[in-house]
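Trainee:
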Amino acid sequence: GPEEDVEGWEHPEEEEERPVTADTQATTASRRKKKKKKKPSRGSSAASGGTMAALRRREQEARDRSVERGMARQLDELYDLRDQHNDLLMNILGEEQEAEAQREGLLASVPAGNERTRTRMEEEFAGQRAKASERILWVTTRFEEILRAVDLLEAQMNQP
Numbered sequence: 001g002p003e004e005d006v007e008g009w010e011h012p013e014e015e016e017e018r019p020v021t022a023d024t025q026a027t028t029a030s031r032r033k034k035k036k037k038k039k040p041s042r043g044s045s046a047a048s049g050g051t052m053a054a055l056r057r058r059e060q061e062a063r064d065r066s067v068e069r070g071m072a073r074q075l076d077e078l079y080d081l082r083d084q085h086n087d088l089l090m091n092i093l094g095e096e097q098e099a100e101a102q103r104e105g106l107l108a109s110v111p112a113g114n115e116r117t118r119t120r121m122e123e124e125f126a127g128q129r130a131k132a133s134e135r136i137l138w139v140t141t142r143f144e145e146i147l148r149a150v151d152l153l154e155a156q157m158n159q160p
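For what it's worth, UniProt numbering labels the leading residue of the sequence shown as 1, then goes sequentially.
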C-alpha cells in the first residue's frame with residue numbers, strides 16, 4: 001500500500017522478514033532517540049508534578065525552619081546554663097578566697113610555741129582546701145562541657 005512507500009515506516013508483520021541494513025538500523029536508532037527525548041505534555045500531570053515538587057520543597061523548608069528554631073532555643077538554654085555556671089564558679093572562688101583569708105588569720109592568732117595546735121589547724125585547713133579544690137574542679141569540668149556544647153551547636157547552626 002501507500003504506507004510502504006514512506007521511508008522508515010515499518011509494518012509489524014514485515015519487521016521479521018525485512019533484511020537488516022545499515023539504513024534500517026540508523027532509522028531505528030534515530031527513532032529511539034526521538035522517543036527518549038520526548039518532552040512531557042504540559043497537561044495536568046506536569047502541573048501536578050510541579051505543584052508536588054513545590055509542596056515538598058515548602059514542607060522541607062518548614063522542617064528546616066523548625067529545626068533552626070529548636071537549635072536556637074537549645075543554644076539560648078546553653079548560654080543561660082553557661083552564665084549560671086560561670087557565676088557559680090566565680091562565687092565558689094570568692095568564697096574560697098574569703099575562707100583562705102580566715103584560715104590565714106586563725107593561723108596567725110596561734111601563739112608562738114604552740115606547734116601542736118598549729119599542726120592540727122593546718123591539717124584541718126588542708127582538708128578544707130582539698131574539698132574546695134574538688135568542688136572547683138567539678139564545676140570547672142561541667143563548665144567546660146557546656147562550652148563545648150555551645151561551640152558544637154554554634155558550628156552546626158553556621159553550616160550551610
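Ideal placement from N, C-alpha and C gives every residue a C-beta, glycine not left out.
For a test of the three-state rule: what should DSSP assign to Gln159, helix, strand or coil?
Mentor: Here residue 159 refers to the residue found at position 159 when the sequence shown is read from its first residue. Reduced to three states, the DSSP call for Gln159 is coil.
Trainee: Comparing alpha-carbon positions, which option in Ala62, Ile146, Arg129 lies nearest Tyr79?
Mentor: Sequence index remark: in the sequence shown, residue 79 carries index 79 (1-based). Comparing Cα positions, the closest option is Ile146.
Trainee: In whole angstroms, give me the CA-to-CA distance for Met51 and Arg65.
Mentor: To locate residue 51, count along the sequence shown from 1; it is residue 51. To locate residue 65, count along the sequence shown from 1; it is residue 65. For the sequence presented, residue 51 should be read as Thr rather than Met. Roughly 21 Å separates the two Cα atoms.
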